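Asks:
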Amino acid sequence: MILARLTAAALALALSLGAAACGDSGSGNGGADTSGTDTTVADTTVADTTVADTTVADTAEGDTTVADTTGDTTQPSCDHSGFTAVAQDAGPAFGFFFYIAQTTLAAPVDTLNFEIIEEQGGATEAGSYPLTGENYKTCGNCVLVYQGCDENLDNCAKTYLAQSGTLVIDDLGDVSGTFAGTLQNAVLAEVTVAEDYTSTLVTGGETWCIDSFAFSADVQ
89 MILARLTAAA LALALSLGAA ACGDSGSGNG GADTSGTDTT VADTTVADTT
139 VADTTVADTA EGDTTVADTT GDTTQPSCDH SGFTAVAQDA GPAFGFFFYI
189 AQTTLAAPVD TLNFEIIEEQ GGATEAGSYP LTGENYKTCG NCVLVYQGCD
239 ENLDNCAKTY LAQSGTLVID DLGDVSGTFA GTLQNAVLAE VTVAEDYTST
289 LVTGGETWCI DSFAFSADVQ
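So for the sequence shown, the working numbering puts the first residue at 89; every next one is plus one.
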């Protein structure tokens, strides 16, 4: 069983499905705009194809030497990458502030958890907070992923604890406010957690990388 200060089941106060309506921005007016005039302009603009050819040649060279792309692929081997949430919640509980997001409303489910503990140096206001690989027992801004949890967001198969990255908090809202920000360049490593909350890295364990995850949740 996964040990935590507050189990994911208790943290899940009332996660609601975030229905993101992406379809409206992609299909509504696009069909009408690309009727006849667009193809006529493309046919007559010979210069465009010439510019495109030279641009492609330029970008082809750039693509082979882009440092950012190389950096992404040479991060500590990421067994899992990214995180997509369908529901999220945030609020104070048992002396600390929590945020929890989940990948699905069914089991098995993965969850992304923030535990902000003021008495251990956790955030008290908006700002950028580096994740430095502190032990789960002593971290103030704890970022974890729980993998393969049951329908109650409990009894998870694996636990991952942030070893590096930045937690950017734009709004640390009060009750009825909003908790919002971005998790950036986070690398989480598989750990086990003892009864006293001491975390231990799993030898040969997996890693979970999250380049950018934007969050915004109503504070309950």
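Even glycine gets a Cβ: it sits at the ideal position worked out from N, Cα and C. All of these numbers come straight from a predicted model, not from anything done at the bench.
Just how far apart, CA to CA, sit Ala274 and Asp238?
Replies: The straight-line gap from Cα to Cα measures roughly 25 Å.
Asks: Whose CA, out of Pro196, Tyr217, Asp198, Val197, lies closest to the CA of Glu206?
Replies: Tyr217
Asks: Just confirm the distance between the C-beta atoms of Asn229 and Ile204, as a whole number of angstroms; I'd bet it's less than 8 Å.
Replies: 6 Å
Asks: For Phe202 versus Tyr187, is the C-beta spacing smaller than 8 Å?
Replies: Yes, the pair counts as a contact, with Cβ atoms nearer than the cut-off.
Asks: Could you compute how far the alpha carbon of Gly261 sits from the alpha carbon of Val307?
Replies: 7 Å
Asks: Distance check for Glu278 and Gly179, CA to CA, integer angstroms please.
Replies: Straight across, the Cα-Cα distance linking Gly179 with Glu278 is about 26 Å.
Asks: Measuring CA to CA, which of Thr247, Ser304, Gly265 is closest to Tyr67?
Replies: Because the chain here runs from 89 to 308, residue 67 falls outside it and cannot be looked at.
Asks: So within the stretch 160-189, which uninterrupted beta strand (DSSP E) runs reach at least 3 residues, ignoring any that extend past its ends?
Replies: 175-181
Asks: State yes or no: is the C-beta of Ala189 within less than 8 Å of the C-beta of Gln176?
Replies: Result yes, Cβ atoms of Ala189 and Gln176 sit closer than 8 Å.
Asks: Give every residue of the same chain whose Cβ lies closer than 8 Å to the Cβ of Gln208, excluding the five residues on either side of it in the sequence, and list them in chain order.
Replies: Thr226, Cys227, Gly228
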